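Student: Take this structure, written in structure tokens, and hold onto it; I'll ask about it next.
Protein chains: 2
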Amino acid sequence: MKNLLSVLKISVPEKIFIKDPETSDLGKRIIEHSIILIDEIGFESFTFKKLGSKIGSNESSIYRYFESKHKLLLYLSSWYWAWLEYQLVIETFSISNKQEKLEKAIKVVTRTVKEDNNFSHINETVLYKIIVNESSKSFFTKEVDAENKEGYFEVYKRLVSRLEVMITEVKPNYEYSLSLASTIIEGALHQHFLNEHFPTITSCKKGKTPTNFFIHLVNSNLK
Amino acid sequence: MKNLLSVLKISVPEKIFIKDPETSDLGKRIIEHSIILIDEIGFESFTFKKLGSKIGSNESSIYRYFESKHKLLLYLSSWYWAWLEYQLVIETFSISNKQEKLEKAIKVVTRTVKEDNNFSHINETVLYKIIVNESSKSFFTKEVDAENKEGYFEVYKRLVSRLEVMITEVKPNYEYSLSLASTIIEGALHQHFLNEHFPTITSCKKGKTPTNFFIHLVNSNLK
DNA sequence: CAAATATAATAGTATTACTATCATAATTCG
DNA sequence: CGAATTATGATAGTAATACTATTATATTTG
């Protein structure tokens, strides 16, 4: 994976940023440390001023890359979903058995990101924590519909669609494949959150993972 | 329902408020209009100052009821879950067939709140919209664990537990009943959100409701 | 009717989420 | 190489936010 990604670039919708952070050293430091800082203090308390002082740069310089911290969150989310999509595609590509392929897909989209793949400045393990805890704030806004029209959520929607296709392959006449796909992806994040903060309302603990839960759910559903 | 609730009072954990808004006219107006205003402008743009001018009262007076707008959101969420719990209990109480009872329970917790039951100053239809769009912000914070210890999420967790009990009644040896219960409750909100904002990634449209989806899912799962 | 309590009015504070301007450093290109 | 362009930094400023504090005025209760 490391080798492949050294030639590929995770692609995020262009309208999300003013200047592509991948094109400069400062840009990369913005991304790298925004992930760390948001994880540390939470998205609400996160400001460009604080980030600036963390990376020894200026607030105004960060504004040259992102219009607002909301746009930065959109960037991080899109990046994560694109990265997951990439993994989904390569890890299922060569599997011809439909059932097996779907099972692998569920594994990929529901597993906890624990190891840092660090082919880049982005720490995926920490980014994953942000996705679990903060990413929904990127769409629970009054501007969702306008931003959706601008294509800000394309990557996420494409990932759901890819999973949906695999579900439909296994059970062509199933009426709720899209809802099942979106439930798996969002539900896995939610179960991870519950495991960490509200363990009394999740079965996912001691070896029982969200992956186990969703594979079991899908298997008995599509039989 | 209207009659029963005129003697009952929806009970919200006491630590959430400074002064119980149910005990005064101003308090009730705060709740009534905060729901309308949050729905109108979104939780981010909502302020006590704006609410004050809407209800012809003063910012400082609202602070005597709630420490912060975050606490107000916790109040509204708890109120909603308590109201749902109440409906869950009465609507399933007399059903002795376990399968049928569970199905009714899923209906109650996944249905769209469309009609206003207006036994009180609270418009449940609008409150439901807030739950779909804003309520997750009440737990996606750096203070969740501390607030969880204070009991702020008790009502929500109790609702999940009640559903879990009914699932276990139908299939005692099922390993993931808690995760299934939490997935149904959170997942239904998510599907409602998708239906409104990202219709391309949900099957729930034109007569196909989140209720249909989850009932189908659970039925084929627990068979 | 006095005392207690609730509400309103006003002021003040540190911080936020920016925008604008100007200076300086680094890069590119003829 | 030197000029022009572009990127970054420093500073200042603004309206709004999320409060706290104080004092005044209603309203309720005993």
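Protein chains in written order, with the working numbering: chain A, 10 to 232; chain B, 10 to 232. Glycine included, C-beta positions come from ideal geometry on N, C-alpha and C. Because the structure is a prediction, the values reported are computed rather than measured.
#1: Listing by chain order, which chain A residues have their CB less than 9 Å from the CB of leucine 226 of chain B?
#2: Tell me whether glycine 196 of chain A sits in a helix, a strand or coil according to DSSP, three-state version.
#3: Cα separation between serine 62 of chain B and lysine 78 of chain A?
#4: Within this structure, are the beta carbons of isoleucine 194 of chain A and leucine 172 of chain A separated by less than 8 Å?
#5: Is the CB-CB distance between valine 82 of chain A and leucine 60 of chain A below 8 Å?
#6: How is the alpha helix (DSSP H) around proline 219 of chain A delimited, first residue to last?
#7: Taking 8 Å as the threshold (C-beta atoms), are methionine 175 of chain B and leucine 231 of chain B in contact?
#8: Am I right that glutamine 108 of chain A and valine 179 of chain A are in contact with their C-beta atoms under 8 Å? What's the rounded C-beta distance?
#9: Can you give the Cα-Cα distance for isoleucine 139 of chain B and aspartate 48 of chain B, rounded to whole angstroms?
#10: Flag phenylalanine 149 of chain B as yes if its beta-carbon sits less than 8 Å from any beta-carbon of chain A, otherwise no.
#11: List, in chain order, every chain A residue whose beta-carbon is nearer than 9 Å to that of glutamine 200 of chain B.
#12: Am I right that isoleucine 131 of chain A and isoleucine 71 of chain A are in contact with their C-beta atoms under 8 Å? What's the rounded C-beta distance?
#13: Thinking C-beta only, is phenylalanine 52 of chain B closer than 8 Å to glutamate 133 of chain B?
#14: So, with DSSP's three-state summary, where would you put aspartate 29 of chain B?
#15: Just the C-alpha distance for serine 86 of chain B and serine 66 of chain B, rounded to the nearest angstrom, thanks.
#16: With the cut-off set at 8 Å, would you say glutamate 68 of chain B and phenylalanine 55 of chain B are in Cβ contact?
#17: Can you find a CB in chain A that lies within less than 8 Å of the CB of leucine 203 of chain B?
#18: CB-CB under 8 Å to serine 212 of chain B, same chain, minus the five flanking residues each way: which ones, in chain order?
Tutor: According to the structure data:
#1: Looking up residue 226 of chain B in the second sequence gives position 217. Correct list: Tyr185, Ser188, Leu189, Thr192, Leu226 and Asn230.
#2: Along the first sequence, one-based indexing puts residue 196 of chain A at 187. Note: glycine 196 of chain A maps to helix in three-state DSSP.
#3: Start at 1 with the first residue of the second sequence, and residue 62 of chain B comes out as number 53. Start at 1 with the first residue of the first sequence, and residue 78 of chain A comes out as number 69. Taking the straight line joining both Cα atoms gives about 29 Å.
#4: Within the first sequence, residue 194 of chain A is the residue found at index 185, counting from 1. Within the first sequence, residue 172 of chain A is the residue found at index 163, counting from 1. In this structure, leucine 172 of chain A lies closer than 8 Å to isoleucine 194 of chain A by Cβ.
#5: Here residue 82 of chain A refers to the residue found at position 73 when the first sequence is read from its first residue. Here residue 60 of chain A refers to the residue found at position 51 when the first sequence is read from its first residue. In the sequence under discussion, the amino acid at residue 82 of chain A is leucine, which differs from the valine named in the question. Against a cut-off of 8 Å, the Cβ pair of leucine 60 of chain A and leucine 82 of chain A comes out as no contact.
#6: Here residue 219 of chain A is taken as the residue at index 210 of the first sequence, counted from 1. Here the alpha helix (DSSP H) through proline 219 of chain A covers 219-231.
#7: Numbered from 1 along the second sequence, position 222 holds the residue referred to as residue 231 of chain B. Numbered from 1 along the second sequence, position 166 holds the residue referred to as residue 175 of chain B. No, Cβ-Cβ distance for leucine 231 of chain B and methionine 175 of chain B is not below 8 Å.
#8: Reading the first sequence from its first residue, position 99 is the one you call residue 108 of chain A. Reading the first sequence from its first residue, position 170 is the one you call residue 179 of chain A. About 6 Å; that satisfies the 8 Å criterion.
#9: Locating residue 139 of chain B in the second sequence gives position 130, counting from the first residue. Locating residue 48 of chain B in the second sequence gives position 39, counting from the first residue. Approximately 6 Å, taken between the alpha carbons.
#10: On the second sequence, residue 149 of chain B is found 140 positions in, with the first residue counted as 1. Closer than 8 Å to some Cβ of chain A, the Cβ of phenylalanine 149 of chain B qualifies, so yes.
#11: In the second sequence, counting from the first residue as 1, residue 200 of chain B sits at position 191. The answer, in chain order, is Ser188, Ser191 and Thr192.
#12: Along the first sequence, one-based indexing puts residue 131 of chain A at 122. Along the first sequence, one-based indexing puts residue 71 of chain A at 62. Not a contact, Cβ separation roughly 17 Å.
#13: Counted from its first residue, the second sequence places residue 133 of chain B at position 124. Counted from its first residue, the second sequence places residue 52 of chain B at position 43. No, they are not a contact pair.
#14: Against the second sequence, residue 29 of chain B aligns to sequence position 20. Aspartate 29 of chain B: coil per DSSP, three-state reduction.
#15: Along the second sequence, one-based indexing puts residue 86 of chain B at 77. Along the second sequence, one-based indexing puts residue 66 of chain B at 57. Going by the C-alpha atoms only, they are around 23 Å apart.
#16: In the second sequence, the residue the question calls residue 68 of chain B occupies position 59. In the second sequence, the residue the question calls residue 55 of chain B occupies position 46. Going by C-beta atoms, glutamate 68 of chain B is not nearer than 8 Å to phenylalanine 55 of chain B.
#17: Start at 1 with the first residue of the second sequence, and residue 203 of chain B comes out as number 194. Yes, its Cβ sits closer than 8 Å to a Cβ of chain A.
#18: By one-based count along the second sequence, residue 212 of chain B stands at place 203. So the list reads Phe222, once near-sequence residues are dropped.
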